[in-house]
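J.:
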Amino acid sequence: MKGIWLCIGCIVLIFSWLPVYSSFFFLVGALWFLHKRFHRGEIVCLVFCLLVFVRIQCLSDVHEISSRIVKIQEIKQGYMIGANKEGRFLLYGLKKVSFDDVVELRGTYEKIDSIHNLGQFHFATWAKRKGMVYCMNVKSYTLIKEGTTLRHRLYANIETKDVAIQQFLKAMLYGIHEEEVSFLLLSSGMHIAFLSRFLTKRMTRKWGFAKAHRLTLLLMMGMSYLTVLSSSILRVVCFSLISGLFTNFDEKDTLGISMIFTILLAPSMAYEVALLIPVCFRLVFMFHVAKRNKKIVGMLVLFPAQMWFYHTCDPLQMALFSFLRKVYAILYVLAWLLILPATEYLFSLIQWMLAALRLIQQISYPLYGSVSILWLILWCLSAMRYISYAHWKDSLTLCLLLVIFFLRPYLSPFASVTMLDVGQGDCTLIITPYHKEVILIDVMGHKKKNIPKEIIVPYLHAQGIYHLDKIIVTHADMDHSGGVAQLQELMHVDEIIDHKQLAKQQETPWMKFFLLDYEGEDENDNSIVTMLRLYDTSFLFMGDLGIKGEQKLLQQYPKLEADVVKIGHHGSKTSSATAFLHQVHPALALISSGRHNFYGHPHQEVLDAMEKEGILPLISARHGGVTIKICKYFRFFKTAEQQFGIILPR
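Positions 6 to 655 (the working numbering) are the ones given, in order, by the sequence shown.
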């Protein structure tokens, strides 16, 4: 029965994505489908065992860590990965150590926690899928044993080269990137796959397919041994190994077995672009290679894939994908040659190629946005029909889906207010109905990090936002205004409201500013207080206003009420007095604070007062980013940590 293993492979892949609470229902449905479709009990039993094994592997065994002696496994940009008998760990602050060094650490293990915003990459989840739950900020260390492996010696040799050559070699061979690169190509590993097929094809002419296949497989395994076993090389090795072992199987079944083997070997691969995009390409070309032009088919696959994984798509690079894949494969080969003695002259050619790639990036005009699961399903179905039958109705459907993608923000009647998780600081995004106006209240800055580039702008791009109408700066503190200049370098801003006199001129029927004539004792008490009304829902943004400012606010507006309050000063006890909370009486309180922050925000006194008043606090340090959606008939909130709630009328 051809195709049965491909069917099982797809079931295992989908099962890997599902949360525990819904995987049981999928398990029952999948087993019922296989029984009805193939009428073979042994297949049902095999799939049941596979799915149970996958689920057990995905359940992390979290236990206390005691050993401080670790072996360095991987070196990344900004951190290292160490391992011992107790597991694998992220290590920050280690310097002058290399692969396979054994070190004794001094520091405290903590559970990995990281910034978490809706729809954005969550580092802690990625680490957990890789089997890493703990991290350490290393205070000091002792080198117990220096590595003696070939990998250690190779990396030491790279460290002796010029800085520019070092950066290039580390990026191509180890994935240590110090500047922006084509993440689609490098993360999907399509250049590695191309190189593998190219070498196999060339060597087949001389030694035959079987020997060429084995040599290519050994070469890939050798490269991973000398550097790191990246997701892309792991996928190529697994697929090559299965295709070599099951030569009598149908191509579809070989793909299915390869998928199963890869996921069983490394469950995190179920989420990796290095597996998913190549599988999508192979599925499409496997079923419909003779139906349509390969370039058209490739673009139909690449567009939704880029939007789903990266929230951006570069039409020029997508059109040049096949060419760029070959260029990166050449660069990868040149990187290996550059390691050899007396080959520095090759770097001139490499620099010329890198300059050409940068030029392509400069003249590109990327598109931004995110796609829903419903849109993605409709696109896949329409694309498959178009590739299979080339009917004009399917072409029209694809064009309509493209139009919906670009116009969706402007067709939505929902307004939204999002408290971004930026750490110990503030940044709130307001989008009015039909995308008429986009406003940021505060833009956190940091002395060591570019918060707008790393967190804020990627989130804005995921919402399809290309420019901002206004930025309201509540007051001149680094954690509220420090990132404005950096944001302006990345995105056009029409207007910045950063003092009270300017705020007076910008009031609208749905946006009011309070305490414009009040002069507080310090910068916090001079915060611009903003009231927004979206449909019938009112929002009050307090900046860092203190208790004295709150008292003044209640004196001027004794009947002040709000459905949602952005709590002042990150939940400090110097703000949010009981009298203020009682008078305003919001249903929700938004608190932006950093994880394990030095100040202890939010203070327990404030949380106790909220509990007494029946106010639900949503805290970025606990819940991640929070989005509130409002329309004429109902309103709800959702958080990055998967909490959801309906906001009822007060």
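By construction, the Cβ of each residue, glycine as well, lies at the ideal position given by its N, Cα and C atoms.
Predicted model only: the values in this text are computed from it and were never measured.
As a quick exercise: from Gln-588, Thr-583, Ala-310 and Val-569, pick the residue whose alpha carbon is nearest that of Gln-561.
T.: Stepping through the sequence shown from its first residue, residue 561 is reached at position 556. With distances taken between Cα atoms, Gln-561 lies closest to Gln-588.
J.: Where DSSP assigns a beta bridge to Phe-476, which residues make up the other side?
T.: For the purposes of this step, residue 476 is taken as the residue at position 471 of the sequence shown. Going by the sequence as given, residue 476 is Ile instead of Phe. In the DSSP assignment, Ile-476 forms a beta bridge with Leu-445 and Ile-501.
J.: Helix, strand or coil for Tyr-562, going by three-state DSSP, please let me know.
T.: By 1-based counting over the sequence shown, the position of residue 562 is 557. Coil at Tyr-562, not helix or strand.
J.: Just how far apart, CA to CA, sit Val-448 and Glu-109?
T.: Looking up residue 448 in the sequence shown gives position 443. Looking up residue 109 in the sequence shown gives position 104. If you take the alpha carbons of Val-448 and Glu-109, they lie about 40 Å apart.
J.: If you drop the 5 nearest sequence neighbours on each side, which residues of the same chain put their C-beta closer than 6 Å to that of Leu-343?
T.: Here residue 343 refers to the residue found at position 338 of the sequence shown. Within the same chain, Leu-351 come within 6 Å of Leu-343 by CB-CB distance, once the 5 residues on both sides are set aside.
J.: Assign Leu-473 to one of two classes, buried (16 or more other C-beta atoms within 10 Å of its C-beta) or exposed (fewer than that).
T.: Here the question's residue 473 lines up with position 468 in the sequence shown. With 16 or more other Cβ atoms within 10 Å, it is buried.
J.: Going straight from the alpha carbon of Met-304 to that of Val-289, what length do you get?
T.: Working through the sequence shown from its first residue, we reach residue 304 at position 299. Working through the sequence shown from its first residue, we reach residue 289 at position 284. If you take the alpha carbons of Met-304 and Val-289, they lie about 12 Å apart.
J.: What number of angstroms, rounded off, separates the C-alpha of Met-274 from the C-alpha of Ile-635?
T.: Translated into positions along the sequence shown, residue 274 becomes position 269. Translated into positions along the sequence shown, residue 635 becomes position 630. For Met-274 and Ile-635, the distance between alpha carbons rounds to 37 Å.
J.: Output the distance between the C-alpha atoms of Ile-4 and Ala-388, rounded to the nearest integer angstrom.
T.: Residue 4 lies beyond the stretch modelled for the chain, which goes from 6 to 655, so this question has no answer here.
J.: Starting from Gly-573 and walking both ways along the beta strand (DSSP E), at which residues does that stretch end?
T.: Here residue 573 refers to the residue found at position 568 when the sequence shown is read from its first residue. Gly-573 -> no beta strand (DSSP E), and no H or E assigned at all.
J.: Please identify the residue among Leu-95, Trp-313, Asn-602 and Arg-158 whose C-alpha is closest to the C-alpha of Tyr-139.
T.: Along the sequence shown, read from residue 1 onward, the residue named residue 139 stands at position 134. Comparing Cα positions, the closest option is Leu-95.
J.: Should Arg-640 go down as buried or exposed, given a rule of 16 or more other Cβ atoms within 10 Å for buried?
T.: Indexing the sequence shown from 1 puts residue 640 at position 635. By the 10 Å Cβ count, Arg-640 comes out buried.
J.: If you draw a straight line from the C-alpha of His-590 to the C-alpha of His-575, how long is it?
T.: Taking the first residue of the sequence shown as position 1, residue 590 is located at position 585. Taking the first residue of the sequence shown as position 1, residue 575 is located at position 570. Rounded to the nearest angstrom, the two C-alpha atoms are 18 Å apart.
J.: Classify Phe-126 as helix, strand or coil using the three-state DSSP reduction.
T.: Reading the sequence shown from its first residue, position 121 is the one you call residue 126. Phe-126: coil per DSSP, three-state reduction.
J.: From the DSSP output, in three-state form, read off Met-547 for me.
T.: On the sequence shown, residue 547 is found 542 positions in, with the first residue counted as 1. Three-state DSSP puts Met-547 in coil, outside helix and strand.
J.: Using the three-state DSSP reduction, which class does Ala-31 fall into: helix, strand or coil?
T.: Locating residue 31 in the sequence shown gives position 26, where the first residue counts as 1. Looking at the sequence itself, residue 31 is Phe, so the reference to Ala does not match. DSSP, read as helix, strand or coil, puts Phe-31 in helix.
J.: Report yes if the C-beta distance between Phe-31 and Leu-18 is below 8 Å; otherwise report no.
T.: The residue given as residue 31 occupies position 26 in the sequence shown. The residue given as residue 18 occupies position 13 in the sequence shown. Taking 8 Å as the Cβ cut-off, Phe-31 and Leu-18 do not qualify as a contacting pair.
J.: Quick one: is Gln-322 buried, meaning 16 or more other Cβ sit within 10 Å of its Cβ, or exposed?
T.: By 1-based counting over the sequence shown, the position of residue 322 is 317. So Gln-322 counts as buried.
J.: Nearest to Asp-527 by CA position, among His-316, Thr-165, Ile-552 and Cys-285, is which residue?
T.: Taking the sequence shown and counting its residues from 1, the one referred to as residue 527 is at position 522. Comparing Cα-Cα distances from Asp-527 to each of His-316, Thr-165, Ile-552 and Cys-285, the minimum goes to Ile-552.
J.: So within the region 108-160, which uninterrupted beta strand (DSSP E) runs reach at least 3 residues, ignoring any that extend past its ends?
T.: 114-116, 137-142 and 145-150
J.: According to the Cβ coordinates, are Tyr-146 and Leu-178 closer than 8 Å?
T.: In the sequence shown, residue 146 corresponds to position 141, counting from 1. In the sequence shown, residue 178 corresponds to position 173, counting from 1. Not closer than 8 Å, so no.
J.: Does the beta-carbon distance from Asp-484 to Ser-625 come in below 8 Å?
T.: Position 479 of the sequence shown, counted from the start, is the residue given in the question as residue 484. Position 620 of the sequence shown, counted from the start, is the residue given in the question as residue 625. Going by C-beta atoms, Asp-484 is not nearer than 8 Å to Ser-625.
J.: Could you check which residue in Gly-630, Gln-648, Lys-637 and Leu-407 has the C-alpha nearest to that of Asn-122?
T.: Counted from its first residue, the sequence shown places residue 122 at position 117. The shortest Cα separation from Asn-122 among Gly-630, Gln-648, Lys-637 and Leu-407 belongs to Gly-630.
J.: Specify, as a first and last residue, the run of the beta strand (DSSP E) that Met-85 falls within.
T.: As a working mapping, residue 85 is identified with position 80 in the sequence shown. 84-89 is the span of the beta strand (DSSP E), which, as asked, contains Met-85.
J.: Where DSSP assigns a beta bridge to Cys-318, which residues make up the other side?
T.: Residue 318 sits at position 313 when you count from the first residue of the sequence shown. DSSP output for Cys-318 lists Leu-372 as bridge partner(s).
J.: Our contact map puts Leu-492 next to Pro-457 with C-beta atoms below 8 Å; I'd like the distance itself, whole angstroms only.
T.: Stepping through the sequence shown from its first residue, residue 492 is reached at position 487. Stepping through the sequence shown from its first residue, residue 457 is reached at position 452. Correct: roughly 4 Å between the Cβ atoms.
J.: Go through its chain and collect everything with a Cβ distance to Glu-500's Cβ below 6 Å, but skip five positions before and after it.
T.: In the sequence shown, residue 500 corresponds to position 495, counting from 1. Around Glu-500: Lys-475.
J.: Cα separation between Leu-269 and His-480?
T.: Reading the sequence shown from its first residue, position 264 is the one you call residue 269. Reading the sequence shown from its first residue, position 475 is the one you call residue 480. Spanning the two alpha carbons is a distance of roughly 53 Å.
J.: Can you tell which of Glu-115, Gly-46 and Val-49 has its C-alpha closest to the C-alpha of Glu-69?
T.: Taking the first residue of the sequence shown as position 1, residue 69 is located at position 64. Cα-wise, what sits closest to Glu-69 is Glu-115.
J.: If I follow the unbroken beta strand (DSSP E) through Glu-79, where does it start and stop?
T.: In the sequence shown, counting from the first residue as 1, residue 79 sits at position 74. It spans 74-81 - the beta strand (DSSP E) in which Glu-79 sits, taken as one unbroken run.
J.: Could you tell me whether the Cβ atoms of Gly-194 and Ala-271 are closer together than 8 Å?
T.: For the purposes of this step, residue 194 is identified with residue 189 of the sequence shown, where counting begins at 1. For the purposes of this step, residue 271 is identified with residue 266 of the sequence shown, where counting begins at 1. No; because the gap between Cβ atoms is not below 8 Å, this pair is not in contact.
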